[in-house]
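**Q** Sharing a structure with you now.
Protein chains: 2
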Amino acid sequence: MTMRPFTSTISITEARAIIAAGMPLIARRERVALSNASGRVVAADVVAAFDVPPFNRASMDGYAVKAEDTDGASRTAPRSLMLAGRIYTGDVPTVVVTNGTCVEIATGAPMPDGADAVVMVEETSLDGDRVAVCTPVHTRQNVGPRGADISTGQTVLQSGEVLNASRVGALAALGLADVEVWSRPSVAILSTGNEIADQGQPLAPGQIYDINRFTLSTVVNEHGGVAAPISTARDTLDALDQALDECLRHDLIVFSGGSSVGERDLILDVIKRRGTVLFHGIAVKPGKPTLFGHVEGTPVFGMPGYPTSCLSNAYILLVPALRRMARLPPTLPRTMRMPLSARVTSVPNRHQFYTVRVVEGQAVPAFKASGDITSMSRADGYIEIPADVTVVEAGTEVVVTLF
Amino acid sequence: MTMRPFTSTISITEARAIIAAGMPLIARRERVALSNASGRVVAADVVAAFDVPPFNRASMDGYAVKAEDTDGASRTAPRSLMLAGRIYTGDVPTVVVTNGTCVEIATGAPMPDGADAVVMVEETSLDGDRVAVCTPVHTRQNVGPRGADISTGQTVLQSGEVLNASRVGALAALGLADVEVWSRPSVAILSTGNEIADQGQPLAPGQIYDINRFTLSTVVNEHGGVAAPISTARDTLDALDQALDECLRHDLIVFSGGSSVGERDLILDVIKRRGTVLFHGIAVKPGKPTLFGHVEGTPVFGMPGYPTSCLSNAYILLVPALRRMARLPPTLPRTMRMPLSARVTSVPNRHQFYTVRVVEGQAVPAFKASGDITSMSRADGYIEIPADVTVVEAGTEVVVTLF
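Chains R and P supply the protein sequences, listed in that same order.
Following this note's numbering, the numbering of the first sequence begins with 1 at its first residue and continues without gaps.
Following this note's numbering, the numbering of the second sequence begins with 1 at its first residue and continues without gaps.
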């Protein structure tokens, strides 16, 4: 008989530190089209090769003028200017503004030579080819100067910045169709266990359907990785050894199942034999039987087989690790403060990840058991109960981290 | 001369109400694989066809026993039971537990007949085929009963729920490989204007590169839509008419450019002729020249051509509208409270969307001009200044909505 109880566990803080120290940063780069670039991490500074806008342009619809021609203009004493032409957006101006003349101009159109300001159309009235200007403008008023947005040589994006809509927009302004980004880590995801059946096949007696492959893949894809699910492996050393070979083609490996203390929990043995186990067992609930190590330089997580334990540890341990590898900043969790609706007890000396629903402004306990996926699928988020707290009373204000 | 000043604007609150009333909900459904289902909206209740787990199982590694056989057990007075067999996960138990015997069992393995509880391995010691039990267990202790997670006939997901990792996991638990969801609205995105050049071609004089197609597509794809960029249209009624025909194949249309007051701003005319303009002009800054209407039942946004005006209105008006159409709940914005680093002034009677960077715990104004994409690409988020506020002093605590 070889069931092996945990001899010791480490705190979640220690576990996080060991993982952080053990995660290499992704070193591959690739070019992606702007349309697929949001959320990606810029891998090389982007420097502007020309000015944006590339010409002085009107920033209002109105009339391009010499500002001095509008001195003292008012509703009661307008200045009258002769309309010398029109410039639409996309035009190349040929008309020149001289003293006493003006040119109708559309927002975004290039300023004509001679003009140094634009009078808004709302401040004018038109009579034939005469424009009455009812307000003075100063030099450069309502003009967007060449290079005002981006000037030649300016670093528009720095390596390490995460692309979002406006940053993609800044690349588009430079006429770029793609951008160099860090590759997303490829994450091998492997459920182990003789009881695990694949979706689409009938359950044999003693079997359950695989859950962790789907929950882990979802989390990985949402936090900068590319999930690579591997076929479910049976609980034999040979099967796991072979599966590990396939997993080693990826940047990060996440096993689930087989890291508990049963005789057939062989992942620990396989990783010990082929690499290094950095920890095995964390003082968290659920999710104690979690393992982290390295095989041939590739980090390996061994997650508990129970779906809720697996997914909660994915949120609190795998997500920060993956984002670090992907060179993404830590997530800024969406949190809400609210009173707890009912007393919650927590086991001593274990950091507890406790699922709750948000109902009428209260956090309602939703936790069932580590094995129950519905304790998470019916929840809106979770509260964390530190290892040294055993009771949280009803009415206590808690911080809910939303999924 | 036909430049048309705005005669009136409506408040952002009115604009939002008109848009909300004018957005049909998507009515198409489709099936998607679980691996692509996160973020999608369930379109039909999912009811469990069987129990999960489908059998009583051990929830700890240890020994399956008759609970009554452990009455009074302690470290000093352990109960001794005969080891009658072993059950691993995935096994079909053939052994039966009778009084005085126990069966070694792994977490997740099916309970053998006769046993009604599991003693954790940590509370036992093994000597040959005798197991010393050092603690009493009660009936059902450390047993996950059949159906405890999901019971036959239970509604596991309701129509309208948004899928996330754990909900995808609940579907996986039922052996499902796909799920029926509401289709994502297809959103036609069209930049108009003679000055707009496509990425990858050189700029002619007077031209600038298209930005809005990329920023709008990014926002649409991130909020439940599928961006369908349409070729840039020139500023003629015929070109816009033709482009509109193409756009009408989609669920929602977003034009940018051409809704200001210039003579060639023809989108207003096209929409008026073929449909209904519900508003044109909003008391916001930037982004005043925004219009909303319907053509043949399809909602149409006319966004300002200036990239920042266009994108800020995309965040504050298009995103809620699109999410509504997609049947997604409103976004829960990620906000932070912090002091403003410098005084900001705002024009009277316009709701201002003011971009800021977060630097050392302060909100640092980042706004440049409506036309400047870098005023957003260099920012981390924005503050909103209501229409009746004209000055926000340095040091004021503000709420930053992060992009």
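Where is the CB? At the ideal position from N, CA and C, for every residue including glycine.
Around the C-beta of Q242/P, are 16 or more other C-beta atoms found within 10 angstroms, so that it is buried, or is it exposed?
**A** In the second sequence, counting from the first residue as 1, residue 242/P sits at position 242. Q242/P is exposed by the Cβ-count criterion.
**Q** Closer than 8 Å, Cβ to Cβ, to anything on chain B: give me those residues from the segment 144-167 of chain R, in chain order.
**A** This model lacks chain B altogether; the protein chains it does include are R and P.
**Q** Go through the segment 305-348 of chain R residue by residue and report every complete run of the beta strand (DSSP E) that reaches 3 residues or more, in order.
**A** Counting whole runs of 3 or more residues, the segment 305-348 of chain R contains the beta strand (DSSP E) stretches 335-339.
**Q** What number of angstroms, rounded off, separates the C-alpha of E30/P from the C-alpha of G224/P?
**A** Counting from 1 along the second sequence, the entry for residue 30/P is found at position 30. Counting from 1 along the second sequence, the entry for residue 224/P is found at position 224. C-alpha separation (whole angstroms): 14 Å.
**Q** L311/R and G169/P look like a contact to me (Cβ under 8 Å); what is the Cβ gap, rounded to whole Å?
**A** Looking up residue 311/R in the first sequence gives position 311. Looking up residue 169/P in the second sequence gives position 169. Confirmed, about 7 Å.
**Q** Quick check on the burial criterion: 16 or more other C-beta atoms within 10 angstroms. Buried or exposed for G361/R?
**A** By 1-based counting over the first sequence, the position of residue 361/R is 361. Result: exposed.
**Q** Counting C-beta neighbours from all protein chains within 10 Å, is the total for D293/R 16 or more, i.e. buried, or is it exposed?
**A** Counting from one through the first sequence, the residue named residue 293/R turns up at place 293. Sequence check: residue 293/R is Gly here, not Asp. By the 10 Å Cβ count, G293/R comes out buried.
**Q** Quick one: which chain R residues come within Cβ less than 8 Å of F403/P?
**A** Locating residue 403/P in the second sequence gives position 403, where the first residue counts as 1. Those are N164, A165, S166, listed as they occur along chain R.
**Q** I'd like the list of long-range same chain contacts for E180/R, defined as Cβ closer than 6 Å, with 5 residues on each side in sequence excluded.
**A** If you number the first sequence from 1, residue 180/R lands on position 180. Excluding sequence neighbours, E180/R sits near R29, R31, A43, A44.
**Q** Beta carbon of V364/R, beta carbon of K285/R: below 9 Å?
**A** Start at 1 with the first residue of the first sequence, and residue 364/R comes out as number 364. Start at 1 with the first residue of the first sequence, and residue 285/R comes out as number 285. No, the Cβ-Cβ distance between V364/R and K285/R is not below 9 Å.
**Q** Measuring alpha carbon to alpha carbon, tell me which of T9/P, E14/P, S8/P ends up nearest L317/P.
**A** For the purposes of this step, residue 317/P is taken as residue 317 along the second sequence, with counting starting at 1. Selected option, being the one with the closest Cα: E14/P.
**Q** Show which residues of chain P have a CB atom less than 8 Å away from the CB atom of I208/R.
**A** Along the first sequence, read from residue 1 onward, the residue named residue 208/R stands at position 208. V52, P53, P54, G108, A173, listed in chain order.
**Q** Just checking: is the beta-carbon of V261/R within a distance shorter than 9 Å of some beta-carbon in chain P?
**A** Here residue 261/R refers to the residue found at position 261 of the first sequence. Since pLDDT at V261/R reaches only 47, below the 50 mark, its modelled position is unreliable, and no value is offered.
**Q** Across the segment 331-343 of chain R and the segment 189-198 of chain P, are there enough close Cβ pairs to call them in contact, namely three or more that are closer than 8 Å?
**A** They do not touch, by the three-pair rule.
**Q** In chain order, what residues of the same chain lie with their CB nearer than 6 Å to the CB of S80/P, ignoring the 5 residues before and after it?
**A** To locate residue 80/P, count along the second sequence from 1; it is residue 80. Excluding sequence neighbours, S80/P sits near R130, A132.
**Q** Counting only beta-carbon separations shorter than 9 Å, does V65/P have a partner in chain R?
**A** Walking along the second sequence from the start, residue 65/P turns up at place 65. It does not: the Cβ of V65/P has no partner Cβ on chain R nearer than 9 Å.
**Q** In or out: L25/P buried (at least 16 other Cβ within 10 Å) or exposed?
**A** Position 25 of the second sequence holds residue 25/P. L25/P comes out exposed.
**Q** Following the continuous alpha helix (DSSP H) through S11/P, name the residue where it begins and the one where it ends.
**A** Within the second sequence, residue 11/P is the residue found at index 11, counting from 1. Careful: S11/P lies outside any alpha helix (DSSP H) and carries neither H nor E.
**Q** Do R213/R and P202/R have their CB atoms nearer than 9 Å?
**A** As a working note, residue 213/R is residue 213 in the first sequence. As a working note, residue 202/R is residue 202 in the first sequence. The answer is no: Cβ separation not under 9 Å.
**Q** From V52/P, P145/P, A27/P, pick the residue whose C-alpha is nearest to that of W182/P; which is it?
**A** Walking along the second sequence from the start, residue 182/P turns up at place 182. If we check each option's Cα against that of W182/P, A27/P comes out closest.
**Q** Classify D113/R: buried if its beta carbon has 16 or more other beta carbons within 10 angstroms, exposed otherwise.
**A** Walking along the first sequence from the start, residue 113/R turns up at place 113. Result: exposed.
**Q** Give me the residue from L322/P, G381/P, A366/P with the minimum Cα distance to R16/P.
**A** Position 16 of the second sequence, counted from the start, is the residue given in the question as residue 16/P. The option with the nearest alpha carbon to R16/P is L322/P.
**Q** Can you tell me whether T345/P is buried or exposed, with buried defined as 16 or more other CB within 10 angstroms of its CB?
**A** Within the second sequence, numbered from 1, the residue matching residue 345/P stands at position 345. Answer is exposed; the Cβ neighbour count stays below 16.
**Q** Flag this pair as yes or no: are the beta carbons of G408/R and G371/P separated by less than 9 Å?
**A** With chain R represented from 1 up to 403, any question about residue 408/R goes unanswered, as that position is not in the structure.
**Q** For E393/R, count the other beta carbons within 10 Å of its own beta carbon; 16 or more makes it buried, fewer makes it exposed. Which is it?
**A** As a working mapping, residue 393/R is identified with position 393 in the first sequence. Its Cβ having fewer than 16 others within 10 Å, E393/R is exposed.
**Q** If you reduce the DSSP assignment to three classes, tell me which class T218/P lands in.
**A** For the purposes of this step, residue 218/P is identified with residue 218 of the second sequence, where counting begins at 1. In this structure, T218/P counts as helix in the three-state DSSP scheme.
**Q** Exposed or buried, M23/P, counting other C-beta atoms within 10 Å across all chains shown (16 or more means buried)?
**A** Locating residue 23/P in the second sequence gives position 23, counting from the first residue. Buried is the call here.
**Q** Going along the segment 181-208 of chain R in order, which residues come within less than 7 Å of chain P, judged by CB to CB distance?
**A** If the cut-off is 7 Å between Cβ atoms, the segment 181-208 of chain R has G193, N194, E195, Q199, G200, L203, P205, G206, Q207, I208 near chain P.
**Q** Of all Cβ atoms in chain R, is any one closer than 9 Å to the Cβ of M376/P?
**A** Locating residue 376/P in the second sequence gives position 376, where the first residue counts as 1. By this cut-off, M376/P is an interface position.
**Q** Check for me: the beta strand (DSSP E) holding T374/R runs from which residue to which?
**A** As a first step, residue 374/R must be located in the first sequence, where it is residue number 374. Per DSSP, T374/R belongs to no beta strand (DSSP E); it is in the alpha helix (DSSP H), 374-377.
**Q** Judging by CA-CA distance, which residue of E397/P, S375/P, D210/P, Q352/P is the nearest neighbour of E384/P?
**A** Here residue 384/P is taken as the residue at index 384 of the second sequence, counted from 1. With distances taken between Cα atoms, E384/P lies closest to Q352/P.
**Q** So, for L244/P: in the same chain, excluding its five sequence neighbours on each side, which residues have a beta-carbon less than 7 Å away from its beta-carbon?
**A** By one-based count along the second sequence, residue 244/P stands at place 244. Correct list, in chain order: V270, R274, V295.
**Q** Pick helix, strand or coil for A227/R, following the three-state DSSP scheme.
**A** Counting from 1 along the first sequence, the entry for residue 227/R is found at position 227. Note: A227/R maps to strand in three-state DSSP.
**Q** Apart from the five residues on each side of it in sequence, which residues of its chain come closer than 6 Å, Cβ to Cβ, to L237/R?
**A** Looking up residue 237/R in the first sequence gives position 237. Only L266 meet the Cβ criterion.
**Q** Once the 5 residues before and after D251/P are set aside, which same chain residues still bring their CB inside 6 Å of it?
**A** Taking the first residue of the second sequence as 1, we reach residue 251/P at position 251. Result list for D251/P: P185, S186, in chain order.
**Q** Suppose you measure from the CA of S259/R to the CA of I19/R; what does that come to, to the nearest Å?
**A** Here the question's residue 259/R lines up with position 259 in the first sequence. Here the question's residue 19/R lines up with position 19 in the first sequence. Any reading at S259/R needs caution, since the residue's pLDDT is 49, under 50, leaving its predicted position unreliable; the model's value is listed next. So the two alpha carbons sit approximately 17 Å from each other.
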